[in-house]
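Chains as they are written, first to last, in the working numbering: chain A, 130 to 733; chain B, 9 to 396.
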């Protein structure tokens, strides 16, 4: 039993299914049962969220109590006698699942979540074949919001568990989704029931990751990608984000925390992509561009005393964050790095540099990206993301969609051999790998910036800047004193570079509010929209929770440590592209292809 | 017809004492323990319908460790067929304020709120005037317990205590998980006593008369009197204060129109008692409890329509968050329609009775749990009216 704090917390003794159990005060019946490996079904419960207790599927019987308490919401009490599988409980649970099914569009074969739906799982467990109640679906005027490039919301599949509402409010502080109306008309909706694309939704997909049914799903582009692959006139290039390789295994039946980079590359090649490349390459490129941008801004501020320079500078890799700041803090858009995200840099270079080197006509090249993210789908469709003259990234697939494609192709993922990325924009460094976790961009940037300025490696054991490694659920501040600079960076000598790292938009909001209120002073801000960073992205395999994120994070740092090159500026492909194509960081070509601008948006 | 008339009581609406706020002024000089002992002795139980012993509620809240505590008067009176709190607040508001202030003293609360039903907005000007008088008086006797009014917006669910707190805090009116109970975590997460309007008046009357005299009224389980809202097929609808523990047949003798076939005791969330059970039914916590609503139906009424009306009400007034209540209410309403139309066999009613039973034990709050009361009692007693 997991009772690590035995001496500090009061112990509660009670009985579950005849088993005596002793737990910390405050432990719920559900958690206690879990410790005994008794599985109580749940729907509205999610480890990351506050307890709602509204689906009532987890009810249990408590002796001497007439009603059945919801085990997720009821703390264990001394002397309680609990039955999790009594006749009363079984009938009640069956009734509840039947009720949910009666207002649910149970057209499962037409549903994207067919086979992985939690409601379907319970229905099959409870043998609800005979549907004991009347069908209520025709009584409801359910709507489907499919106007969005990233997320589809289908109310007919919604079971009103409010996981999405709690996600949007608690984790992301966005509150794009809320509860509207009452009773039979109660539904999950948006501000004035506008479609998602018209409200403050950041497309982060955290709700999609937590939706137990098919009510919130990513817009999938699987068929379009297959079409491109089968089209012999098209050259299909695929890039894979850092956080995909440490989570894809989960979508294919492997345990969380497995690094599957080689197998992923092998699978992509077998799916028929013409070139399998690595977003890590543009992650490194981002560091060079963004690092130089930071240094330029610091120079303007500290040396030239330019009052118009926007500091602190904030990272721009996370498209959920970008849309969030556009809506919530539009006055700070100037503080965002103008760098495109690695995905979009990659897309722009595929249609230019890559085509030039490979002697391909850009109009015949299809650029696909595999991302842990749903917001990337929206980002790829932004009008400003066409600087190559074509759409920089044609299709964005989530880690989950790639998992589906691999299954469709009949590949036995676990037994695939490890293969290597194709060359040219395929080289990677440890610095790029850690983009997948909170604090990673900061650490990668510092590894490079410090060396550029001082000519020396950053003075930390094994290049690991643990001080900026973000932690879930907190805002991490760190500062780095720059000493003994090269002559041209003299103005930075003795400067304490103040950094802050935040993950999850609720924390991002706090950081920005503090900056706005003048309570906090930073030089460099790293924000990742999703809890834990990209490894906990909305496009990652379901389930994603704290335990799983921790394992993915360990895998990322393991991958970083295992890389031969761990600093972005040492990436050979990056050095090559500057020599052959871009010229210099922040140069004319860079500005044209790798940098972008932002759009102020309203809250309402 | 019986000759003996039901005993009319005049506790609640009786005259104010000669000196303004005399009972309050006297009571707050006593110790909290003395007041609680009197309350315990009186056997007073909450008048909102659930009948929780008032002394116990107050004692638990008094014992809860917190600097900040609240007293809330639940004047949301949303139960169909209930209209007595409106009358109390119109005629004897000072008694309500006094009861609240005594509670504030006992539990150590610094502030009281009256959560007034949205539809009772018209009471506001008079009530505010009275309240100003109270607040002034409280100050003059050194009692730091101001009372304010908060207005609801017409949702039935906001009469449920935890939904009421949510509403007061500015959130969507949805019930909370329990535990924690209001005695430890209520309004703003602080220990809170929330009582019905009438309960507070009863407290004041106990303080004025003493528990012994209060106990002379009613029965062992149901002490004191109760204000009833009598409506439906009766020649004399209105508000009556009667002794608790009366047999229903005597009530019907007095208030019925001679053709009463059923009485709905306790509103839409209460129980339907058919004629054949009038004799054996006691109105009180030992029998059928009520928050005050007594609706009489004569033989011209279709009990199917009565039930259908209640179910439509619940279907709409459910907050919609928990499954049993949100979907269950729809299924019950649609289910009886299907049986009536012949789309479902009459046996389906048994299925619905089981569903109602599940709702009773699994719903998150009192609303969903009590739908079964009217559903089961009407379907069970008037089955033929449901089918034919």
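Glycine included, each C-beta is placed from N, C-alpha and C at the ideal position.
For residue 67 (chain B), the enclosing alpha helix (DSSP H) covers residues 62-71.
Out of B:331, B:310, B:53 and B:157, the CA that lies nearest to the CA of residue 269 (chain B) is found in B:310. Take the alpha-carbon of residue 671 (chain A) and the one of residue 340 (chain A): they are about 9 Å apart. Taking 8 Å as the CB threshold, residue 315 (chain A) lines the interface with chain B.
Within the DSSP bridge table, the entry for residue 82 (chain B) names B:123 and B:204 as partners. For residue 446 (chain A), the secondary structure class from DSSP, reduced to helix, strand or coil, is coil. Within the DSSP secondary-structure output, residue 526 (chain A) pairs in a beta bridge with A:499.
Take residue 623 (chain A), set aside five residues on each side of it, and the residues of its chain with a beta-carbon closer than 8 Å to its own are 610, 611 and 612, in chain order. Just so you know, the alpha carbons of residue 506 (chain A) and residue 377 (chain B) end up roughly 45 Å apart. Think of a sphere of 8 Å around the beta carbon of residue 250 (chain B): no beta carbon from chain A falls inside it, the nearest being about 29 Å out. The beta carbon of residue 326 (chain B) falls within 8 Å of a beta carbon belonging to chain A, placing the residue at that interface.
DSSP places residue 235 (chain A) in the coil class of the three-state scheme, outside both helix and strand.
In terms of CA proximity to residue 218 (chain B), B:46 leads the group B:395, B:391, B:46 and B:17. As the crow flies, the alpha-carbon of residue 661 (chain A) is around 25 Å from that of residue 242 (chain A). Residue 213 (chain B) has its alpha-carbon roughly 30 Å from the corresponding atom of residue 162 (chain B). Neighbours of residue 156 (chain B) across chain A, judged by C-beta separation under 7 Å, do not exist; the nearest C-beta is about 26 Å away. Under the Cβ criterion of 8 Å, residue 369 (chain B) is counted among the residues facing chain A.
If you draw a straight line from the Cα of residue 81 (chain B) to the Cα of residue 173 (chain B), it comes to about 11 Å. Our two residues, residue 709 (chain A) and residue 181 (chain A), have alpha carbons roughly 57 Å apart in a direct line. DSSP places residue 605 (chain A) inside the beta strand (DSSP E), whose first and last residues are 605-610. The criterion of a C-beta distance shorter than 8 Å is not satisfied by residue 426 (chain A) and residue 445 (chain A). For residue 349 (chain A), the three-state secondary structure derived from DSSP is coil. Annotation for residue 76 (chain B): 198 place their beta carbon closer than 6 Å to its own, counting only its chain and skipping 5 residues before and after. Remark: C-beta atoms of residue 296 (chain A) and residue 172 (chain A) do not approach each other more closely than 8 Å. The beta carbon of residue 255 (chain A) sits closer than 6 Å to the beta carbons of 223 and 226 from its chain, once the five residues preceding and following it are set aside; these are given in chain order. At a Cβ-Cβ threshold of 8 Å, residue 271 (chain B) and residue 104 (chain B) do not count as neighbours. Between the alpha carbons of residue 61 (chain B) and residue 332 (chain B) lies a distance of about 28 Å. Taking all protein chains shown into account, residue 220 (chain B) has fewer than 16 neighbouring C-beta atoms within 10 Å of its C-beta and is therefore exposed. In this structure, the CA atom of residue 224 (chain B) is about 20 Å from the CA atom of residue 23 (chain B). Near chain B, meaning a CB-to-CB distance below 9 Å, the residues of the region 292-315 of chain A are 307, 308, 310, 311, 312, 313, 314 and 315. DSSP places residue 269 (chain A) outside both helix and strand once states are collapsed to three, so it counts as coil. At least 8 Å separates the beta-carbon of residue 383 (chain B) from that of residue 88 (chain B). Contact of residue 185 (chain A) with chain B is assigned, a C-beta pair being separated by under 8 Å.
Counting only Cβ-Cβ distances below 8 Å, residue 187 (chain B) has contacts in chain A at 203 and 204, in chain order.
Not a single CB atom of chain B sits nearer than 8 Å to the CB of residue 158 (chain A). In the DSSP assignment, residue 305 (chain B) falls within the unbroken beta strand (DSSP E) covering 301-306.
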